[in-house]
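A quick write-up on the structure given underneath.
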Amino acid sequence: MLPISHTRQGLVLPDVQEDRHGYRVARRVPARWYRGTQGISDGRADGKSALDAQGYQGSVNKKRKGINCFMRFRNVSKWGEFGAREPLLFFAQRSEEILFEYTLDSYKTMALNSSFLCLEAIALIGNIENGVIDSKNLDPVLEELRWSLSVDKIAKELMDLESKDYVLDPKNESLEKVKLRLEVLSKTLRPDRYFERGCALLAQAIGRGAKKEIDSLAGGVFTTLVNMGCHKQDLYTKTVSFFYGQNGRPNIEDESVFFEYIKLIWPAHKQFKAVFIVSSLFADVKDAAEQAFDVKICEEMPEEFKSLAIKEKYKVGSDEVLAEVSGISAIDYYSARELANANLGRLRDLFTLYHHKNQIKWRDKAMVKEVGDELPLMMKMPTNPIEKVKDQKPGMASESLTWMLKNFSMRDSDFKKFARIVDFHGLSVNSSEPENQLLNLWIALESLVPASAATSKINQIINSIVPVLGMEYFARLVQNLAQDLIRWDRGAVRSALKKVPDSDSMSLREKVMQVVLSENCDVVRSELYEKLKDFHLLRYRLFTMHECFKTPRKMIESIEKHEEKVTWQIRRIYRTRNLIVHSASSSKHINSLIENGHDYLDQVVFMITKMSGGSYGISSISQAFELARLFRLNISRALGNAEVYDDSCFKLLLGEHEFMTRP
2 MLPISHTRQG LVLPDVQEDR HGYRVARRVP ARWYRGTQGI SDGRADGKSA
52 LDAQGYQGSV NKKRKGINCF MRFRNVSKWG EFGAREPLLF FAQRSEEILF
102 EYTLDSYKTM ALNSSFLCLE AIALIGNIEN GVIDSKNLDP VLEELRWSLS
152 VDKIAKELMD LESKDYVLDP KNESLEKVKL RLEVLSKTLR PDRYFERGCA
202 LLAQAIGRGA KKEIDSLAGG VFTTLVNMGC HKQDLYTKTV SFFYGQNGRP
252 NIEDESVFFE YIKLIWPAHK QFKAVFIVSS LFADVKDAAE QAFDVKICEE
302 MPEEFKSLAI KEKYKVGSDE VLAEVSGISA IDYYSARELA NANLGRLRDL
352 FTLYHHKNQI KWRDKAMVKE VGDELPLMMK MPTNPIEKVK DQKPGMASES
402 LTWMLKNFSM RDSDFKKFAR IVDFHGLSVN SSEPENQLLN LWIALESLVP
452 ASAATSKINQ IINSIVPVLG MEYFARLVQN LAQDLIRWDR GAVRSALKKV
502 PDSDSMSLRE KVMQVVLSEN CDVVRSELYE KLKDFHLLRY RLFTMHECFK
552 TPRKMIESIE KHEEKVTWQI RRIYRTRNLI VHSASSSKHI NSLIENGHDY
602 LDQVVFMITK MSGGSYGISS ISQAFELARL FRLNISRALG NAEVYDDSCF
652 KLLLGEHEFM TRP
């Protein structure tokens with residue numbers, strides 16, 4: 002019998018307590034789950050991370066020479082044979098992909114799910130009532146919430162009424178009534194209830210082997226955890242360690258280990274403290290630091306940190322002092338490290354108001370300890386959200402830059418404008434503050450788009466950028482799938498792709514596109530399905546892409562839905578920008594907005610450089626956007642007129658055209 006029960010009241014796990022608010026929370030997670038993982042150390046004698054010691058097939062390197070968005074296949078030797086092995090392993094593989102920092106945005110956690118979209122709508126109405134944001138911003142948020150409720154199985158399980166009874170139309174009802182109904186819905190979809198029900202539904206889906214449900218439910222559960230305050234890097238570390246590592250579950254012998262994993266990631270706030278080595282300027286503000294920021298200057302290393310400091314050779318320099326940050330309430334070590342860093346950042350910025358020449362600084366590494374745990378951990382700052390995009394390797398980046406400088410055809414004002422946009426991009430990448438990153442990204446996007454008096458600025462940005470992202474959507478998915486396949490087994494993939502009809506002169510991307518779209522490739526798909534064996538996620542990705550895009554009509558629907566989601570996210574970035582500028586407030590999900598905003602900007606900038614260097618010699622940014630709109634319209638027309646894919650459709654979808662010569 003599985004150690005879990007599921008009722009209409011929620012999920013009941015062993016060793017789970019209730020906090021003072023009546024929420025079910027997990028007991029303490031031992032620090033051993035963190036030791037030896039990326040950016041964290043407990044002073045191993047061999048100087049290696051536990052990830053290396055566990056024989057993982059690749060790990061994230063923050064000082065990377067090039068990051069791509071690949072999924073990976075890990076050693077499954079600790080997995081036994083049991084009935085639900087395949088769906089549970091699929092869940093483990095999909096969870097890792099969702100949480101991986103550099104996963105393609107289409108496969109990451111959502112910025113918000115139904116639970117948090119509801120809270121966003123309530124907060125937005127409050128800002129409208131306070132005169133901070135225009136009421137026109139409410140309609141897109143309610144539209145997104147209605148869509149989310151229509152496809153969200155967890156929300157449907159929790160709601161007592163139909164979604165239309167909760168989400169009213171502000172054109173027909175008072176804003177006060179709309180807000181009140183949303184407040185009732187927010188209680189129904191309270192994050193802890195949503196998470197519990199999601200876990201219970203996941204357990205059922207794993208038992209049935211329903212991969213499509215597992216995929217959808219996992220996205221909802223992890224989006225909830227991230228928005229509740231769990232750090233994505235912490236969830237990734239625990240997931241990989243539990244399912245594959247030596248520090249995790251010794252053996253995976255039946256599906257009941259799923260509940261052990263849920264207990265491991267169950268969110269609960271704990272108290273932390275951290276020790277930093279900071280510049281001696283801190284000593285000049287020690288009284289203010291202790292009173293207002295819980296930052297204390299230490300004469301010597303606190304006793305509970307001494308052992309780790311000796312192992313890590315964490316010593317104070319001649320112009321440095323020790324600073325202990327206390328009173329940190331967080332769910333995990335990564336979040337605690339970020340909060341401690343933010344505390345020091347606020348103190349630094351206040352000091353800069355009165356002293357501009359020198360800034361307070363601190364080392365990248367810090368020691369973090371959960372209050373009540375035995376040992377501290379040495380930690381670097383988690384990966385900056387602005388860095389979580391696909392990177393070229395230095396050599397390829399150098400070649401692309403050289404190509405652009407030789408072929409870039411824009412001159413005069415457009416060249417200066419493009420150079421200024423690149424400056425704002427650089428300011429965003431080099432900033433350490435999320436708010437500054439988002440503001441600079443938005444300025445770059447706003448500066449990039451041609452001005453027009455006929456419509457609002459936000460509509461100008463959407464009308465210019467969305468066609469670019471829509472026309473590149475399928476090509477990005479195919480490129481990502483091709484790279485995943487080659488990374489998995491180059492020989493097996495090349496052998497299978499040789500069977501694609503008339504493929505002698507095709508590139509890898511063209512062959513993979515044929516496998517995804519063409520009914521003439523059933524044999525090739527079947528061969529790949531068989532060879533993928535325990536790589537259930539990659540098999541599922543190939544299968545679902547074929548099902549999703551197998552007719553021109555389905556392709557149009559998928560591209561249009563992607564464009565709609567991008568539009569919602571651009572509006573969300575815009576609203577967050579307005580909150581920062583007009584009310585000095587921010588958003589809890591700002592990291593997701595930064596990741597998406599950076600990706601959008603990069604796609605548009607690269608499109609402009611390719612058009613400018615192509616055979617058309619596009620000489621202005623306005624021409625580039627207009628050509629993108631025309632090309633996007635041409636995709637819809639060609640697909641709308643086709644019953645089945647033909648060569649012209651294939652060429653349009655891959656985006657290989659004279660006017661967009663690739664660097």
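With the numbering used here applied, the sequence shown corresponds to residues 2 to 664, in that order. No residue lacks a Cβ here, since even glycine has one placed at the ideal position from N, Cα and C.
- Query: How many Å lie between L538 and I263 at the Cα?
  - Reply: Each residue's Cα considered, the two are about 20 Å apart.
- Between W471 and E564, which are expected to be in contact by the criterion C-beta below 8 Å, what is the C-beta distance as a whole number of angstroms? The displayed chain sequence assigns Gly, not Trp, to residue 471. Under the criterion of beta carbons closer than 8 Å, G471 and E564 qualify as touching, at roughly 4 Å.
- Message: If you measure between the beta carbons of V668 and E325, is that distance less than 8 Å?
- Response: There is simply no residue 668 to check, as the chain begins at 2 and stops at 664 in what is shown.
- Task: Pull up the distance between the alpha-carbon of S151 and that of K157, whole angstroms please.
- Result: Those two C-alpha atoms are separated by around 8 Å.
- Message: Counting C-beta neighbours from all protein chains within 10 Å, is the total for L634 16 or more, i.e. buried, or is it exposed?
- Response: The residue in question, L634, is exposed, as its Cβ has fewer than 16 Cβ neighbours within 10 Å.
- Query: For V606, which of I134, E121, S465, I329 has the nearest alpha-carbon?
  - Reply: Considering only alpha carbons, the answer is S465.
- Query: Between I480 and R526, which are expected to be in contact by the criterion C-beta below 8 Å, what is the C-beta distance as a whole number of angstroms?
  - Reply: The identity of residue 480 in the sequence shown is Gln, whereas the question assumes Ile. Beta-carbon to beta-carbon, Q480 and R526 are separated by about 18 Å, too far to satisfy the 8 Å threshold.
- Expressed to the nearest angstrom, what Euclidean distance is found between the alpha-carbon atoms of D505 and K512? A straight-line Cα-Cα distance of about 10 Å links D505 and K512.
- Query: If you check the beta carbons only, do I462 and I560 fall under 8 Å apart?
  - Reply: Taking 8 Å as the cut-off, the Cβ atoms of I462 and I560 do not count as close.
- Message: Can you tell me whether P502 is buried or exposed? The criterion is at least 16 other CB atoms within 10 Å of its CB, across all chains shown.
- Response: Label assigned to P502: exposed.
- Message: On a Cα-Cα basis, can you pick out the residue from Q94, L518, N342 that is closest to M382?
- Response: From the listed residues Q94, L518, N342, the smallest Cα separation to M382 is found for N342.
- Message: With three or more beta-carbon pairs closer than 8 Å as the criterion, would you say the region 291-305 touches the region 191-207?
- Response: Contact annotation: the region 291-305 does not touch the region 191-207, with fewer than three C-beta pairs closer than 8 Å.
- Are the region 585-599 and the region 442-461 touching by the rule of at least three beta carbon pairs closer than 8 Å? The region 585-599 and the region 442-461 touch, with no fewer than 3 CB-CB distances between them shorter than 8 Å.
- Just tell me which of W267, F101, L449 has its CA closest to the CA of Y237. The shortest Cα separation from Y237 among W267, F101, L449 belongs to F101.
- Query: Between the region 328-342 and the region 220-236, do three or more beta carbon pairs fall short of 8 Å?
  - Reply: Contact between the region 328-342 and the region 220-236 is present, because at least three Cβ pairs lie under 8 Å.
- Query: Does DSSP put P251 in a helix, a strand or coil?
  - Reply: P251 falls in the coil class under three-state DSSP.
- Straight-line CA distance for K180 to E144? Counting only the Cα atoms, E144 lies some 15 Å from K180.
- Alpha-carbon to alpha-carbon, L348 and D295: Linking D295 to L348 through their CA atoms gives a straight-line distance of about 10 Å.
- Item | Coil, strand or helix - W267 by DSSP | If DSSP states are grouped into helix, strand and coil, W267 belongs with coil.
- Give every residue of the same chain whose Cβ lies closer than 6 Å to the Cβ of K652, excluding the five residues on either side of it in the sequence, and list them in chain order. Within its own chain, no residue has a Cβ closer than 6 Å to the Cβ of K652 once the five positions on either side in sequence are excluded.
- Message: I'd like to confirm the pairing. Which residues does DSSP put opposite Q272 in its beta bridges?
- Response: In the DSSP output, where bridge partners are listed per residue, Q272 has S330.
- Query: How about the region 171-185 and the region 114-129: do they share at least three Cβ pairs that are nearer than 8 Å?
  - Reply: With the cut-off at 8 Å, the region 171-185 and the region 114-129 touch.
- Taking buried to mean at least 16 other C-beta atoms within 10 Å of its own C-beta, is V423 buried or exposed? Burial call: exposed.
- Within the same chain, show all residues whose beta-carbon is closer than 6 Å to that of Y57, passing over the 5 residues directly before and after it, in chain order. At Y57, the pLDDT of 31 sits below 50, so the modelled position is not reliable and the matter cannot be decided from this model.
- Query: Do E97 and V227 have their CB atoms nearer than 8 Å?
  - Reply: When the beta-carbon positions are compared, E97 and V227 stay at least 8 Å from each other.
- Task: Could you tell me the distance, in whole angstroms, from the CA atom of D374 to the CA atom of S330?
- Result: Rounded to whole angstroms, D374 to S330 spans 14 Å at the Cα level.
- Query: Applying the criterion that 16 or more other CB atoms from any shown protein chain within 10 Å of the CB defines a buried residue, is L309 buried or exposed?
  - Reply: With 16 or more Cβ atoms within 10 Å of its Cβ, L309 is classed as buried.
- Task: State buried or exposed for Q292, treating a residue as buried only when at least 16 other CB atoms are found within 10 Å of its CB.
- Result: It is exposed - the Cβ of Q292 has fewer than 16 other Cβ atoms within 10 Å.
- Task: Classify V322 as helix, strand or coil using the three-state DSSP reduction.
- Result: Three-state DSSP puts V322 in a strand.
- Item | Beta-carbon contacts of F91 that lie in its chain and below 8 Å, excluding the five residues immediately before and after | Within its own chain, the residues whose Cβ lies closer than 8 Å to the Cβ of F91, once the five positions on either side in sequence are excluded, are K212, I215, H537, L538, Y541, listed in chain order.
- Message: Since D153 and G221 should fall inside the 8 Å C-beta cutoff, what is the C-beta to C-beta distance between them, to a whole number of angstroms?
- Response: Going by Cβ atoms, the distance from D153 to G221 rounds to 6 Å, so yes, they are a contact pair.
- Message: Using a Cβ distance threshold of 8 Å, determine whether the region 544-556 contacts the region 627-646, with at least three qualifying pairs required.
- Response: Short answer: they touch.
- Ordered along the chain, which non-local residues of its own chain (more than five positions away) have a Cβ less than 6 Å from that of S149? Within its own chain, the residues whose Cβ lies closer than 6 Å to the Cβ of S149, once the five positions on either side in sequence are excluded, are S115, L118, listed in chain order.
- Quick one: what's got a C-beta closer than 7 Å to D255's C-beta in the same chain, skipping five residues either side? Contacts found: F83.
- Item | Distance, V133 Cα to L580 Cα | The straight-line gap from Cα to Cα measures roughly 7 Å.
- Query: Going by C-alpha distance, which of P88, S107, E261, L218 is nearest F475?
  - Reply: Checked all of P88, S107, E261, L218; the closest Cα to F475 is S107.
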